[in-house]
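Quick note, in this note's numbering, the sequence shown goes up one by one and the last residue is 164. Here a beta-carbon is modelled for each residue, glycine too, at the ideal position from N, C-alpha and C. These figures come from a predicted structure and were not determined experimentally.
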Amino acid sequence: MPLHRHDGFTLIEVLAVLAIMAIAAAITIPVLDRPLADARLYTDARQMTQVLRSARQQAITSGKAVTVIFYPTSARYRVLGETPTNLQKDIRFVGSTTFTTKYGSLPTCAFDPSGTPGSGGTVTLSNGQRLLYVIVNPVAGRVRLSETPPDGW
């Protein structure tokens, strides 16, 4: 009686392929982590830039001062009277900020009704590998995002 051989893979072949795939994944995943960390940093920095621009515009249109408070030790910030915004995982403030106006002991950026900040300053954000700077011009109140620190640092 002839033996019939069935087409398919042996257990050893399947395990060998799984081992190769696991090794490839172990090499690839750390390579993908850096772009994801950079994307989180850029997202948080752009969001902070937008919050500051919106606060400036709100001060101009409402005719009332609007203040953004920074909480460097807890990685969050907020417009006074609104819910805080938390930075994403692994994104943190570097140091405090360079704003000289304070709300208690916390650094702030306060825009007056003309859109001028009480003081200009810079918030530095980091993901542990890269730095981004959210810069508020002290004269015009222009808010910008930069990969390089402002002049005079």
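T60 carries a helical assignment under DSSP once its states are collapsed to helix, strand and coil.
The beta-carbon distance between F122 and V77, rounded to whole angstroms, is 5 Å. This is short enough to meet the 8 Å contact definition. In the DSSP annotation of this structure, L91 is not part of any beta strand (DSSP E), being labelled neither H nor E. In this structure, T127 sits away from P160, with a CB-CB distance that is not shorter than 9 Å. In this structure, DSSP gives R153 a state outside helix and strand, which the three-state scheme calls coil. Under DSSP, Y114 forms a beta bridge with L117. In this structure, the straight-line span from the alpha carbon of I23 to that of A30 is close to 10 Å. The C-beta of M32 has fewer than 16 other C-beta atoms within 10 Å across all chains shown, which makes the residue exposed.
Under the DSSP assignment, L142 falls in the beta strand (DSSP E) whose first and last residues are L142 to V147. Contact fails between the segment 80-95 and the segment 143-153, because fewer than three Cβ pairs, one in each stretch, are under 8 Å apart.
S137: member of the beta strand (DSSP E) spanning G132 to S137, first to last residue.
Here T78 is bridged, per DSSP, to A121.
Taking the CA atoms as reference points, R45 sits about 11 Å from L52.
From the listed residues A35, S73 and D55, the smallest Cα separation to S157 is found for D55.
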